[in-house]
Amino acid sequence: QMAECARVVLGELLLNGKKLDPLTYTFFVAPLCFCVLAVASLCSWQHEIPAAFAKWWPLLLLNALVAFILNVLVATVIKEISAVGFVLSGLTKDIVIVVLSSIIFSEYVTLTQWAAFAMTLGGVGLWALMKISPDSLPILMLERALCMPPRPKKADDEKTALIAKVP
């Protein structure tokens, strides 16, 4: 999890700090990933691999194409909603998978799991509210409860560019 978080945060720094587009970012990251995977593959090499590759190459090619598209989409999401938003959307996805699996396959979900899901989704909702409306009452109450220093007031011209100033 630590490596994944570091990858996502570094991705956000490259995408926003260096102003890379998602495709260029993927072209920079892909060779590094290939090197790591090549070393791992060499360390676990078996003599059956070339024969299996010859048999399954169409599926492997399709898998590589889907992986490339997924990596470009991940970079796009990180650039558009931030590293935190990407991680939170991943948590939400995991919760949806578990809940749907419990419904479809009649699997038992413990009370502790339901409580964790509720707290996680509550945190995701709170983060979204902080991004959408940082001056809302729940956010201001949370800031006071956490003894955070007051934020500086916004100047009139910082509120929004969509509302024209009336003389």
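Residue numbers (UniProt numbering): 1 to 167. Positions of the beta carbon are idealized from the N, C-alpha and C atoms, including for glycine.
Tell me whether residue i sits in a helix, a strand or coil according to DSSP, three-state version.
{"i": "Ala161", "result": "With a pLDDT of only 49 at Ala161, under 50, the local geometry of the prediction cannot be trusted, and no value is derived from it."}
{"i": "Pro138", "result": "helix"}
{"i": "Phe28", "result": "helix"}
{"i": "Arg144", "result": "helix"}
{"i": "Val109", "result": "coil"}
{"i": "Ser89", "result": "helix"}
{"i": "Ser133", "result": "coil"}
{"i": "residue 197", "result": "The structure shown does not extend to residue 197, since the chain is modelled only from 1 to 167, so the question has no answer here."}
Out of the options, which one is the CA nearest neighbour of residue i?
{"i": "Cys5", "options": "Gly85, Gly123, Ser101 and Leu146", "result": "Gly85"}
{"i": "Leu73", "options": "Gly11, Leu91 and Met141", "result": "Gly11"}
{"i": "Leu91", "options": "Gly122, Asp21 and Ser106", "result": "Gly122"}
Could you tell me the distance, in whole angstroms, from the CA atom of residue i to the CA atom of residue j?
{"i": "Leu140", "j": "Gly125", "result": "15 angstroms"}
{"i": "Trp114", "j": "His47", "result": "47 angstroms"}
{"i": "Leu37", "j": "Cys43", "result": "10 angstroms"}
{"i": "Glu107", "j": "Ser101", "result": "7 angstroms"}
{"i": "Ala51", "j": "Trp57", "result": "10 angstroms"}
{"i": "Lys153", "j": "Asp135", "result": "11 angstroms"}
{"i": "Ala161", "j": "Ile132", "result": "The predicted position of Ala161 is uncertain, since its pLDDT is 49 and thus under 50; no value can be drawn from it."}
{"i": "Leu14", "j": "Phe68", "result": "18 angstroms"}
{"i": "Ile95", "j": "Met119", "result": "11 angstroms"}
{"i": "Ala145", "j": "Asn63", "result": "49 angstroms"}
Please give the ranges of any alpha helix (DSSP H) in the segment 6-67, keeping only runs that are unbroken, at least 4 residues long and fully inside the region. DSSP runs (the alpha helix (DSSP H)) wholly in the segment 6-67: 22-43.
Are the segment 20-28 and the segment 59-79 touching, with three or more C-beta to C-beta distances below 8 angstroms? yes
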